[in-house]
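A.B. asks:
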Amino acid sequence: MRLTAPHPLASLALAALLIATPASARHGSHAVNNKREPSYAGRAEIRSFAAETAAAQGLDRRWLATQLARAHRIEAVRKLIMPPAVATAKNWAAYRERFIEPQRIAAGLAFWQDNADWLAQAEERFGVPAEVVVGIVGVETYYGRITGNFRVIDALSTLAFDFPAGRSDRRAFFRQELAEFFVLCAREGVDPQTVKGSFAGAIGWPQFMPGSINRHALDFDGDGHVDLYRSRADIVGSVAQYLQRAGWQRGLPARYEVVPPADAENRAALLAPDIAPSFSATQMADKGAALSDDGRAHEGPLALVELHNGEQPPSYVAGTVNFRALTRYNASSYYAMAVIELGQAVAAAKAARPVTPP
Numbered sequence: 029m030r031l032t033a034p035h036p037l038a039s040l041a042l043a044a045l046l047i048a049t050p051a052s053a054r055h056g057s058h059a060v061n062n063k064r065e066p067s068y069a070g071r072a073e074i075r076s077f078a079a080e081t082a083a084a085q086g087l088d089r090r091w092l093a094t095q096l097a098r099a100h101r102i103e104a105v106r107k108l109i110m111p112p113a114v115a116t117a118k119n120w121a122a123y124r125e126r127f128i129e130p131q132r133i134a135a136g137l138a139f140w141q142d143n144a145d146w147l148a149q150a151e152e153r154f155g156v157p158a159e160v161v162v163g164i165v166g167v168e169t170y171y172g173r174i175t176g177n178f179r180v181i182d183a184l185s186t187l188a189f190d191f192p193a194g195r196s197d198r199r200a201f202f203r204q205e206l207a208e209f210f211v212l213c214a215r216e217g218v219d220p221q222t223v224k225g226s227f228a229g230a231i232g233w234p235q236f237m238p239g240s241i242n243r244h245a246l247d248f249d250g251d252g253h254v255d256l257y258r259s260r261a262d263i264v265g266s267v268a269q270y271l272q273r274a275g276w277q278r279g280l281p282a283r284y285e286v287v288p289p290a291d292a293e294n295r296a297a298l299l300a301p302d303i304a305p306s307f308s309a310t311q312m313a314d315k316g317a318a319l320s321d322d323g324r325a326h327e328g329p330l331a332l333v334e335l336h337n338g339e340q341p342p343s344y345v346a347g348t349v350n351f352r353a354l355t356r357y358n359a360s361s362y363y364a365m366a367v368i369e370l371g372q373a374v375a376a377a378k379a380a381r382p383v384t385p386p
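Residue numbers (this note's numbering): 29 to 386.
1) Do residue 245 and residue 237 come within 8 Å of each other at the CB atom, strictly closer than that value?
2) Going by C-alpha distance, which of 324, 259, 311, 279 is nearest residue 2?
3) Do residue 207 and residue 85 count as a contact pair if the criterion is CB distance below 8 Å?
4) Can you tell me whether DSSP reads residue 318 as helix, strand or coil?
5) Less than 8 Å between the beta carbons of residue 295 and residue 289, yes or no?
6) Count Cβ pairs between the segment 368-376 and the segment 157-169 that sit closer than 8 Å; are there 3 or more?
7) Grab me the residues of residue 247's own chain with a C-beta within less than 7 Å of its C-beta, minus the 5 sequence neighbours each way, in chain order.
8) Kindly indicate which residue of 305, 269, 130 has the alpha-carbon position closest to the one of residue 149.
9) Please identify the residue among 147, 256, 114, 326 whose C-alpha is closest to the C-alpha of residue 225.
10) Excluding sequence positions up to five away, which residues of its chain have a Cβ less than 8 Å from the Cβ of residue 380?
11) On the DSSP bridge assignment, give the partners of residue 347 in chain order.
12) Below 7 Å CB to CB, which residues in the same chain sit around residue 299 once its five sequence neighbours on both sides are set aside?
13) Can you tell which of 279, 156, 367, 113 has the C-alpha that lies nearest to the C-alpha of residue 125?
14) Is the separation between the beta-carbon of residue 345 and that of residue 284 shorter than 8 Å?
15) Label residue 356 either buried or exposed according to how many other C-beta atoms from any shown protein chain fall within 10 Å of its C-beta, with 16 as the threshold for buried.
16) Within 10 Å of its beta-carbon, does residue 115 have 16 or more other beta-carbons around it, so buried, or fewer, so exposed?
17) Taking DSSP's pairing of strands, which residues face residue 358 in a bridge?
18) Leaving out five residues on either side along the sequence, give the residues of the same chain with a beta carbon under 7 Å from the beta carbon of residue 377.
19) What ranges does the alpha helix (DSSP H) occupy inside the segment 84-127, keeping only unbroken runs of at least 4 residues that lie completely in it?
Following this line, the structure appears as structure tokens:
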């Protein structure tokens with residue numbers, strides 16, 4: 029299946045939901061009951077949505093109404109969108125173990141080797157290192173192994189029209205994404221009933237929402253389409269282009285090592301802006317933060333990033349604007365660190381692999 033458009037952009041509204049949900053659940057594995065409830069046929073608000081979307085997007089109203097009538101509410105989607113019933117303490121060490129492990133590193137190495145030319149071209153064009161792209165694809169979908177088993181039309185319709193009570197109402201966001209999904213399918217000639225993705229409607233190896241595909245996907249192989257399932261070129265190019273547009277700066281590290289201030293007040297002051305780079309290296313040092321040598325030489329803004337480790341002491345890094353760019357893909361410092369460290373682990377495995385003589 030092909031899905032066209034111009035670059036990625038995993039929505040920030042979606043990101044906070046995904047970061048706390050195990051991949052096997054959020055993508056819809058066989059461990060999740062995604063049984064479909066009765067269809068949306070006959071509901072007045074569905075007919076109104078079809079008419080309004082058709083008028084706004086230049087789509088055929090009857091086609092839209094027919095597609096929506098064949099969509100179903102999925103109770104599992106309503107459950108998965110909710111926060112965990114029992115809150116658990118954030119734990120970077122445990123989170124890291126889910127992604128930086130031998131099998132995923134091996135899969136990342138195979139992905140890098142199979143797509144070395146596209147990764148090199150993307151790095152040259154967008155300034156995003158291959159290891160960062162490899163890290164994102166590995167964290168998002170385990171290099172295409174976990175892209176989601178929910179029908180996107182069902183997931184988006186459920187969240188657009190039956191968003192559960194008990195958390196901030198996101199119906200407007202998901203109605204817009206449902207409209208974007210129909211725009212995407214109509215343009216590409218794709219049957220909306222056949223597209224599968226995550227419980228929140230994210231699509232493909234990079235897990236982009238439909239609106240993000242429409243606005244940001246990249247036809248990197250130049251075949252006239254964006255295919256985020258089968259075209260490794262489009263997957264690589266779209267991730268790299270997104271990060272560039274999100275503020276990634278060529279040649280700049282994403283983070284530096286740092287020892288936080290011992291003084292609680294100074295530490296709190298540096299942590300106040302969260303992941304937004306707000307302090308110079310000198311300002312951080314003036315507040316007692318001990319940066320690594322390369323961190324002290326950094327000329328741009330930095331953020332003191334705190335990563336909790338359950339009952340153990342937190343970990344800290346100094347994040348640059350490139351760290352911030354990673355959190356625009358998913359608004360979590362834990363996610364950004366997993367991307368960085370998975371990419372580095374794969375790069376180390378690649379460097380250690382003996383080169384076979386020709």
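Where is the CB? At the ideal position from N, CA and C, for every residue including glycine. Quick caveat, the model's predicted, so the values are computed rather than measured.
C.D. replies: So, from the listed chains and residues:
1) Locating residue 237 in the sequence shown gives position 209, counting from the first residue. Locating residue 245 in the sequence shown gives position 217, counting from the first residue. Not a contact, by the Cβ cut-off of 8 Å.
2) The chain is shown only over 29 to 386; residue 2 falls outside these bounds and no answer can be derived.
3) Counting from one through the sequence shown, the residue named residue 85 turns up at place 57. Counting from one through the sequence shown, the residue named residue 207 turns up at place 179. Yes, the Cβ-Cβ distance between residue 85 and residue 207 is below 8 Å.
4) Mapped onto the sequence shown, residue 318 falls at position 290. Looking at residue 318 - three-state DSSP - the assignment turns out to be strand.
5) Taking the first residue of the sequence shown as position 1, residue 295 is located at position 267. Taking the first residue of the sequence shown as position 1, residue 289 is located at position 261. Yes. Within cutoff.
6) For the pair of segments examined, the segment 368-376 was found to touch the segment 157-169: the number of CB pairs separated by less than 8 Å reaches three.
7) Sequence index remark: in the sequence shown, residue 247 carries index 219 (1-based). Excluding sequence neighbours, residue 247 sits near 253, 254, 262.
8) Mapped onto the sequence shown, residue 149 falls at position 121. Comparing Cα-Cα distances from residue 149 to each of 305, 269, 130, the minimum goes to 269.
9) Position 197 of the sequence shown, counting from 1, holds the residue named residue 225. Selected option, being the one with the closest Cα: 256.
10) For the purposes of this step, residue 380 is identified with residue 352 of the sequence shown, where counting begins at 1. Excluding positions up to five away in sequence, the list is empty.
11) Your numbering for residue 347 matches position 319 in the sequence shown. DSSP lists 283, 331 as partners of residue 347.
12) The count along the sequence shown starts at 1 and reaches residue 299 at position 271. Result list for residue 299: 332, 334, in chain order.
13) Here residue 125 refers to the residue found at position 97 when the sequence shown is read from its first residue. Selected option, being the one with the closest Cα: 367.
14) For this step, residue 345 is matched to residue 317 along the sequence shown. For this step, residue 284 is matched to residue 256 along the sequence shown. With respect to residue 284, residue 345 sits close: the two C-beta atoms are nearer than 8 Å.
15) Residue 356 sits at position 328 when you count from the first residue of the sequence shown. By the neighbour-count rule (16 or more Cβ atoms within 10 Å), residue 356 is buried.
16) As a first step, residue 115 must be located in the sequence shown, where it is residue number 87. By the 10 Å Cβ count, residue 115 comes out exposed.
17) Taking the first residue of the sequence shown as position 1, residue 358 is located at position 330. Note: residue 358 sits in no beta bridge, so no partner.
18) Here residue 377 refers to the residue found at position 349 of the sequence shown. Same-chain partners within the cutoff: 133, 137.
19) 89-97, 103-108, 120-127
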